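Enquirer:
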Amino acid sequence: MTGEQNPGRRRARPLTRRERTAKRRASEQPMWLPQPWRFIWSWLVRPIVVLVLKILNAAASVWP
């Protein structure tokens, strides 16, 4: 079996910057949740958690 192993397949074109950014953003999403819950986590739960932690941090720094 000489020659190219898979003659129909050429080298894949490199990703554009937009595709790389999209892939990186997708990889940053928490993958342990199914799709609707991931949306709820990223838009509702996480901002509330961050806000509560900021309030607790401010209260702790003011506390004598």
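14 is the number of the first residue of the sequence shown in my numbering; add one for each residue after it. Quick reminder that beta carbons are idealized off the backbone N, C-alpha and C, glycines included. Just so it is clear, the structure is predicted and the values come from calculations on it, not from any experiment.
1. Determine the extent of the alpha helix (DSSP H) in which Leu69 is found, giving its start and end residues.
2. For Pro49, which of helix, strand or coil comes out of DSSP?
3. So, with DSSP's three-state summary, where would you put Arg26?
Expert: According to the structure shown:
1. Arg59 to Val75
2. helix
3. coil
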